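In my numbering, the protein residues as written are 806 to 888.
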């Protein structure tokens, strides 16, 4: 339930110019949550947005983190402080 609530909150806060891309192209699940059986189908059902599981969902999180760290200056403006 927490994953669903979080996804809905992010979708609600997504700026309109990005939301249209998400609605058109869907969203991709990665990480451990992507391994939960039928999570993609459930998210599609409750949000109305197509949801897909990434190929190698655990590896792609590690790969993406590595790329972000290699290009930290580019991504710095996208970082959010968590307290």
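A virtual CB, placed ideally from N, CA and C, is assigned to each residue, including glycine. Here the structure is a predicted model, which means the values were calculated and not measured.
ask   = Nearest-angstrom Cα distance between residue 860 and residue 854?
value = The C-alpha of residue 854 is placed about 19 Å away from the C-alpha of residue 860.
I'd like to check one pair, residue 844 with residue 808: are the Cβ atoms closer than 8 Å? yes
ask   = Just how far apart, CA to CA, sit residue 767 and residue 869?
value = This structure cannot settle anything about residue 767, because the visible part of the chain is limited to 806 through 888.
Residue range of the alpha helix (DSSP H) that includes residue 812: 807 to 818
inquiry  = How far does the beta strand (DSSP E) with residue 833 in it extend, from its first residue to its last?
reply    = 832 to 834
message: Less than 8 Å between the beta carbons of residue 857 and residue 831, yes or no?
response: A contact, by the Cβ cut-off of 8 Å.
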